[in-house]
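Read in full-length UniProt numbering, the sequence shown has 50 at position 50, and its numbers run on one by one without any break.
Quick reminder that beta carbons are idealized off the backbone N, C-alpha and C, glycines included.
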Amino acid sequence: MSNTTAINLYIASLNLLQNNILRYTYIVIFIAGNIGCFLNVFIFTRQNYRQLSCSYYILASTFIDLILINFIILLRILNTFNIDPTQTSLIICKIRMYIAQAAGVLIRIFIVLACIDRWAMTSRVVKRRAFTNMKIPKILIPSVIIAWCLITMHVPFYQDIVNHRCIITSTNYTTFYNIFNAFISGLVIPMLMIIFSLLTVRNVRHLQQRVHARVQILVTTNVNEQTVQPQVINKKSYDYQLSFMILIQECVYIISNLPFVVYSFYIAITSSWSKPILQTTIETFSMNIIYALLYLNFSSTFYIYTIASHTFRKDLKQLLSYNRFRSILFGNRQNIEDVSFTQDQIRMRTRTATVNMP
Numbered sequence: 001m002s003n004t005t006a007i008n009l010y011i012a013s014l015n016l017l018q019n020n021i022l023r024y025t026y027i028v029i030f031i032a033g034n035i036g037c038f039l040n041v042f043i044f045t046r047q048n049y050r051q052l053s054c055s056y057y058i059l060a061s062t063f064i065d066l067i068l069i070n071f072i073i074l075l076r077i078l079n080t081f082n083i084d085p086t087q088t089s090l091i092i093c094k095i096r097m098y099i100a101q102a103a104g105v106l107i108r109i110f111i112v113l114a115c116i117d118r119w120a121m122t123s124r125v126v127k128r129r130a131f132t133n134m135k136i137p138k139i140l141i142p143s144v145i146i147a148w149c150l151i152t153m154h155v156p157f158y159q160d161i162v163n164h165r166c167i168i169t170s171t172n173y174t175t176f177y178n179i180f181n182a183f184i185s186g187l188v189i190p191m192l193m194i195i196f197s198l199l200t201v202r203n204v205r206h207l208q209q210r211v212h213a214r215v216q217i218l219v220t221t222n223v224n225e226q227t228v229q230p231q232v233i234n235k236k237s238y239d240y241q242l243s244f245m246i247l248i249q250e251c252v253y254i255i256s257n258l259p260f261v262v263y264s265f266y267i268a269i270t271s272s273w274s275k276p277i278l279q280t281t282i283e284t285f286s287m288n289i290i291y292a293l294l295y296l297n298f299s300s301t302f303y304i305y306t307i308a309s310h311t312f313r314k315d316l317k318q319l320l321s322y323n324r325f326r327s328i329l330f331g332n333r334q335n336i337e338d339v340s341f342t343q344d345q346i347r348m349r350t351r352t353a354t355v356n357m358p
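This is the structure:
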C-alpha cells in the first residue's frame, strides 16, 4: 500500500468518524436544547421570576437559543445526511453565517448583562442597585439586539458558494473574522464575566451575615399582631439562587469556549499558509468538534440551572406536576369542563328525582 493510498484511507475514515459523531451529537443537541429552552420559558415566566430583572436577560438568551437550535443546528443535522441547502441557495448560505455569528454573541451578551444585574443587586450602593429596575432590561434587550445585528451586517457580504461550498471568499476577511470572533467571544466577554462574577461573589460575602440577620428579624417581627409577609424572604432566596445559577453558567461557558478561542487564533494566523490535504482534513475535523462543543453549551442552560439550584429544581417539579402543567398549556378549560360536567350531573339527578316522585 502506497503512502498516498494510506493517507486517502485515513482521510476517508476521519471524515466518516466526523460525520457519525456530528450526526448524533447535533440530534441530541436539537432535541435536548428545544426541551430545555421551552422549560426555561415556562419556569422564568412564573410570578416568582417575573419579579426579577435578571430573568428577562435569561429569557432573551433562551429565545435566541431557540433560533440558533432550530436553524443552525437543523442545517448541521441535514448536512450529516448529505443535505446541504447552503450549497444551492446563496440566501441560506449568507443568512446561516450571519445568524450563527449574531445569535452566538447575543446569547453571551445577555448572560453578561445578567451577571452585571446580579452584581448590581448585591451592591450596597443605591445607584448601582437601580440597574435592577424592571424597566432596564425592557430597554436594554431590544437595544442590544438592534445594535449587534447592525454591527455584524458585514458578515453576509463575504459569503459565497464556491465549488458547491458555502465559504468566506476573502483571505483577508477570514483573518479579520477569526480575530474578531476570538477577541469578542474569547477575550472581551469572558473577561467581563470573570470581573463581574468576582465582584458579585465579594458583594455576597459582605452581605451574607447582614442579610441573614435581617431575615431573622423579618421572620420574628410582628406588625399589628401579624407576621411580616414572607415574600421578601422568598424574593431574596430567588435573587441569590439566580446569582449562583448565573455564576455556574459562566464557568461552564468559559471552560467550553477555550478550544474555540485557540482554534480561532490559529486559523487567523495560518489562513494564508499552504497546507497539505491531510492537515486541512484534521483542521476541519477539529473545527467541527469544537463547534459541536460550543453549540452543546448553548443548549445546556436549562440543565445547568437544574443541577446548580435546588430552588429551580423545586419549581421544575411543581411545573411538571400533571394538573399544573395542564393548566399552563390549556388554561382553565379543564375546570370549565369539570363544572359543566357537574352541572349536567345535577340536572340529570333532578330529572330522575322528579320522575320518581309519587
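For F81 and Y24, I'd like the C-alpha separation in whole angstroms.
11 Å
Which value, in whole angstroms, describes the spacing of the CA atoms of S185 and D65?
16 Å
For R128, which beta-bridge partners are listed by DSSP?
In DSSP, R128 forms no bridge with anything.
Would I69 pass as a contact of S299 if the rule is Cβ separation under 8 Å?
yes
Where does R165 sit, in a helix, a strand or coil, going by DSSP?
Looking at R165 - three-state DSSP - the assignment turns out to be strand.
Using C-beta distances below 7 Å, list every residue in its chain close to A308, excluding the 5 sequence neighbours before and after it, in chain order.
Take A308, set aside five residues on each side of it, and the residues of its chain with a beta-carbon closer than 7 Å to its own are F244, M245 and I248, in chain order.
Locate the alpha helix (DSSP H) running through L52, then write down its first and last residues.
From DSSP, L52 is part of no alpha helix (DSSP H); its letter is neither H nor E.
Measure the alpha-carbon distance for I11 versus S271 and round it to whole angstroms.
21 Å
Please tell me whether L22 and R76 are closer than 8 Å, where the distance is taken between their beta carbons.
yes
Mapping DSSP to helix, strand and coil, what is D84?
Coil at D84, not helix or strand.
Mind checking P137: buried by the 16 CB within 10 Å criterion, or exposed?
buried
Mind listing, in chain order, the continuous alpha helix (DSSP H) runs of no fewer than 4 residues lying wholly within the region 260-298?
277-298
Beta-carbon separation of L59 and V41 under 8 Å?
Yes, the pair counts as a contact, with Cβ atoms nearer than the cut-off.
Contact between the region 275-293 and the region 248-264 is defined here as three or more beta-carbon pairs at a separation below 8 Å; is this criterion met?
yes
Could you check which residue in N15, R124 and T45 has the C-alpha nearest to that of R205?
R124
Kindly list the residues whose CB is nearer than 6 Å to the CB of F49, restricted to its own chain and excluding five residues on each side of it in sequence; keep chain order.
This sequence places Tyr at residue 49; Phe is not what is there. Here the set comprises S55.
For a test of the three-state rule: what should DSSP assign to T227, helix, strand or coil?
Residue placement at T227 is poorly supported in this model, since its pLDDT is 45, which falls under 50; the coordinates still yield a value, given next. Correct three-state label for T227: strand.
Measuring straight from C-alpha to C-alpha, what distance separates I195 and C115?
Counting only the Cα atoms, C115 lies some 10 Å from I195.
Taking C-beta to C-beta, are L74 and F30 nearer than 8 Å?
yes
Is the distance from the Cβ of M193 to the Cβ of E250 below 8 Å?
yes
Assuming Y173 is part of the alpha helix (DSSP H), what are its boundary residues?
T171 to F183
If I follow the unbroken alpha helix (DSSP H) through M134, where does it start and stop?
Where M134 is concerned, there is no enclosing alpha helix (DSSP H), given that its DSSP letter is neither H nor E.
So, for S14: in the same chain, excluding its five sequence neighbours on each side, which residues have a beta-carbon less than 8 Å away from its beta-carbon?
Checking the sequence, you will find Leu at residue 14 rather than Ser. Hits under 8 Å: T281, I282 and F285.
Can you give me the start and stop residues for the alpha helix (DSSP H) that Y158 sits inside?
Per DSSP, Y158 belongs to no alpha helix (DSSP H) and is neither H nor E.
What does a CB cutoff of less than 7 Å around N181 pick up in its chain, not counting 5 residues either side in sequence?
S264
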